[in-house]
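In the numbering used here, the protein residues as written are 36 to 339. Each residue gets a CB set at the ideal place from its N, CA and C atoms; glycine is no exception. From a predicted model like this one, the values you see are computed outputs, not experimental measurements. The structure under discussion appears below in the form of structure tokens.
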Amino acid sequence: MSRWEGLDEFVAVAESGQFTAAAERLSLSSSHVSRQVARLEERLQTRLFYRSTRKVVLTEAGQTFLQHCQRLLDARDEALRAVSDLASEPKGLLRMTCAVAYGERFIVPLVNEFMARHPQLKVDIELSNRTLDLVHEGLDVAIRLGRLPDSRLVATRLAPRVMYLCAAPAYLERYGRPHSLSELARHNCLIGSTDHWDFLQQGREHAVRVQGNWRCNSGQAVLDAALRGFGLCQLPDYYVLEHLRSGALVSLLEQHRPPNTAVWALYPQQRHLSPKVRQLVDLLKEGLAERPEYAEAQLRLDQR
């Protein structure tokens with residue numbers, strides 16, 4: 036006799052309060068359900084229900100047993116779904132969001148590759164620099180950059196993200212090179228989405244408010260202005276590594292570089308990810324790791 040035998044019937048009776056209702060729920064006969072529960076009580080050598088002609092009520096032992104059984108059955112069903120989904124084809128609608136510039140450059144090409152592999156899938160991508168509420172908007176996954184606030188969402192790290200303070204050689208020749216955070220106040224800073232730049236000072240994160248005569252909420256626009264020698268910029272690795280390597284930009288105050296952030300995939304809490312989300316997250320992680328920008332970024336991280 037299986038040690039699992041009778042558990043489904045017991046939980047169904049406990050949750051419905053009646054043998055007849057439990058039998059309907061399980062598509063079994065009432066006599067079968069009653070017999071299985073009786074056998075379970077016999078094996079446990081304890082009464083699980085007080086029975087009357089109208090209803091059944093859990094005993095104290097039954098209440099304790101129910102809590103454990105519900106967890107066991109949930110875990111069993113979760114395991115069965117997980118194994119089944121390994122071979123499942125992603126299908127249905129997948130709704131996701133990402134910041135505009137990063138999405139266009141890195142995420143959408145990988146999502147298109149995912150679509151080509153899984154023609155039964157439909158994808159709705161909203162590229163937006165607003166932070167959308169996944170649950171309220173009905174989104175399956177969001178790609179977020181930087182540090183994450185405390186959240187009920189589940190986060191999977193997709194790639195590193197290192198911030199660089201840098202400037203063109205022409206700007207440094209004209210205005211000099213800053214050697215401390217306090218010297219940033221006398222430099223023209225090219226401001227993107229925020230005028231507070233993060234740095235590391237004496238082992239702790241420190242935000243410095245910067246100012247300048249140029250501002251735009253586009254990283255690519257900030258990069259262009261920096262390459263033209265307009266001022267200092269703070270941008271993530273995937274914007275500047277190529278230009279640092281060529282000498283078009285110079286990295287500054289490296290001893291104050293802020294702790295590494297990351298690129299994240301976020302999704303609502305659930306015990307078991309659907310195949311479409313799980314497989315997409317895996318592909319994004321693998322695809323980003325193969326990009327030359329991230330291969331070099333990871334190499335620099337390993338050398339630190």
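Quick one: is residue i buried, meaning 16 or more other Cβ sit within 10 Å of its Cβ, or exposed?
i, result
"D272", "buried"
"A114", "exposed"
"D175", "buried"
"G227", "buried"
"W39", "exposed"
"E76", "buried"
"P213", "buried"
"S309", "buried"
"V92", "exposed"
"G173", "exposed"
"A202", "buried"
"G97", "buried"
Can you name, in chain order, every residue of its own chain whose Cβ lies under 6 Å from the Cβ of residue i, other than the five neighbours on each side?
i, result
"L315", "F149"
"G138", "L162"
Give a yes or no on whether the C-beta atoms belonging to residue i and residue j are separated by under 8 Å.
i, j, result
"R196", "A297", "yes"
"D233", "P293", "yes"
"L323", "L193", "yes"
"H171", "E124", "no"
"G52", "Q71", "no"
"H278", "L284", "yes"
"A136", "Q269", "no"
"L318", "A190", "no"
"Q402", "R187", "Because residue 402 is not part of the residues shown, which for the chain are 36 to 339, the question remains open."
"G127", "K157", "yes"
"V243", "L219", "yes"
"N30", "N248", "The structure shown does not extend to residue 30, since the chain is modelled only from 36 to 339, so the question has no answer here."
"L267", "L225", "yes"
"K326", "F141", "In the sequence on display, residue 326 carries Arg and not Lys. Yes, the pair counts as a contact, with Cβ atoms nearer than the cut-off."
For residue i, which of the options has the nearest alpha-carbon?
i, options, result
"V146", "V312, E328, H241, Y329", "V312"
"L216", "S163, G181, Q290, V275", "Q290"
"A134", "A49, W299, R74, R89", "W299"
"A199", "V245, R250, Y274, H241", "Sequence check: residue 199 is Tyr here, not Ala. Cα-wise, what sits closest to Y199 is Y274."
"R165", "T99, T132, V143", "T132"
"E240", "L225, R221, G211, N295", "N295"
"R280", "E328, D112, Q246", "E328"
"H103", "F141, A49, P184, A73", "A49"
"R221", "R74, Q246, R250", "Q246"
Just to confirm my understanding: we take residue i, look at its own chain, exclude 5 residues before and 5 after, and list those with CB closer than 8 Å. What are they?
i, result
"T55", "S65"
"L129", "L156, K157, V158, D159, D175, V176, K311, V312, L315"
"E321", "none"
"Q80", "none"
"G282", "P204"
To which residues of the same chain is residue i closer than 7 Å at the C-beta, ignoring the five residues directly before and after it?
i, result
"Q105", "V46"
Touching by the beta-carbon criterion (3+ pairs, under 8 Å), the region 252-272 and the region 200-208: Under the Cβ criterion (8 Å, minimum of three pairs), the region 252-272 counts as touching the region 200-208.
May I ask you to verify whether the region 39-50 touches the region 78-93, counting CB pairs closer than 8 Å and requiring at least 3? Under the Cβ criterion (8 Å, minimum of three pairs), the region 39-50 counts as touching the region 78-93.
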